[in-house]
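Participant:
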Amino acid sequence: MNARASTFSATEQTGHHAGSVSMGQSPASNRVLIVDGDPSSSLSDLIAQLMPDADITVLDHYLQALGDIGTLGPPATIIGQLEALAEDMEATLAAFRQLAPQSRIILIGNPGSEPLRSRALRLGVDCCLMQPFDPVELQNVFNENDASSTLTDKSESHKSDHKRH
3 MNARASTFSA TEQTGHHAGS VSMGQSPASN RVLIVDGDPS SSLSDLIAQL
53 MPDADITVLD HYLQALGDIG TLGPPATIIG QLEALAEDME ATLAAFRQLA
103 PQSRIILIGN PGSEPLRSRA LRLGVDCCLM QPFDPVELQN VFNENDASST
153 LTDKSESHKS DHKRH
């Protein structure tokens, strides 16, 4: 398996100073974990632009992400591709919620994935954006969530706010 994993601060993308991640924080307020098996994806570039202080880790597969969380602790945000979760969605999301209960989970889906999107929202995903989406929509999701607050109270508002996507 040709696994791709890269960790970089937004400084490498934007020239801004990125804060360090403290292992004692739960979740790390500036750490973003992106699960994206598409090496041509520009999702990490978009996140670096939207969150210049982010400490971004990009992994190929959800199992790698679970290992990363187990080793480094929960990130503030987990972003992934909706379709990649299709076969094992319940187990994967349950594992994320067990290992990173306060991390926000954002999934990005392709047109035609509405049944998967609905299922993901029912299973506790905080937001599911459908492509193409305006980067402002993703920025709004980041702005709506304070990493120090519990997502349980906000998950219902995310479900209703982002149903149109």
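Here my numbering is used: the first residue of the sequence shown is 3, the next is one more, and so on. Where a beta carbon is used, it is the ideal one built from N, C-alpha and C, also for glycine.
Could you say which of R119, G69, L45 and G111 lies nearest to F98 if we only look at CA atoms?
Facilitator: As a working note, residue 98 is residue 96 in the sequence shown. With distances taken between Cα atoms, F98 lies closest to G69.
Participant: Which residue wins for smallest C-alpha separation from G75, given the options G114, L140, P103 and S44?
Facilitator: Here residue 75 is taken as the residue at index 73 of the sequence shown, counted from 1. Considering only alpha carbons, the answer is P103.
Participant: For P77, report the span of its beta strand (DSSP E) as first-last.
Facilitator: By 1-based counting over the sequence shown, the position of residue 77 is 75. First-last of the beta strand (DSSP E) with P77: P77 to Q83.
Participant: State yes or no: is the C-beta of T79 within less than 9 angstroms of the C-beta of L35?
Facilitator: Numbered from 1 along the sequence shown, position 77 holds the residue referred to as residue 79. Numbered from 1 along the sequence shown, position 33 holds the residue referred to as residue 35. Yes. Within cutoff.
Participant: For the beta strand (DSSP E) holding V60, just list the boundary residues, first then last.
Facilitator: Numbered from its first residue, the sequence shown carries residue 60 at position 58. Counting along the chain, the beta strand (DSSP E) containing V60 begins and ends at D57 to L61.
Participant: How many whole angstroms separate the CB atoms of A122 and L109, which I take to be in contact at a CB cut-off of 8 angstroms?
Facilitator: To locate residue 122, count along the sequence shown from 1; it is residue 120. To locate residue 109, count along the sequence shown from 1; it is residue 107. 6 angstroms between Cβ atoms; contact.
Participant: Taking L131 as part of the beta strand (DSSP E), name the residues at either end of that continuous run.
Facilitator: Taking the first residue of the sequence shown as 1, we reach residue 131 at position 129. Taken as a continuous stretch (DSSP letters only), the beta strand (DSSP E) holding L131 covers C129 to M132.
Participant: Using the beta-carbon count (16 or more within 10 Å), is D128 buried or exposed?
Facilitator: In the sequence shown, residue 128 corresponds to position 126, counting from 1. With 16 or more other Cβ atoms within 10 Å, it is buried.
Participant: Measuring straight from C-alpha to C-alpha, what distance separates P137 and D90?
Facilitator: Along the sequence shown, one-based indexing puts residue 137 at 135. Along the sequence shown, one-based indexing puts residue 90 at 88. One C-alpha to the other measures close to 28 angstroms.
Participant: Looking at the structure shown, is S31 part of a helix, part of a strand, or coil, going by DSSP?
Facilitator: One-based indexing of the sequence shown puts residue 31 at position 29. It is a strand residue.
Participant: Look up G69 in the DSSP assignment and say whether it is helix, strand or coil.
Facilitator: Residue numbering aside, residue 69 sits at position 67 when the sequence shown is read from its first letter. Reduced to three states, the DSSP call for G69 is helix.
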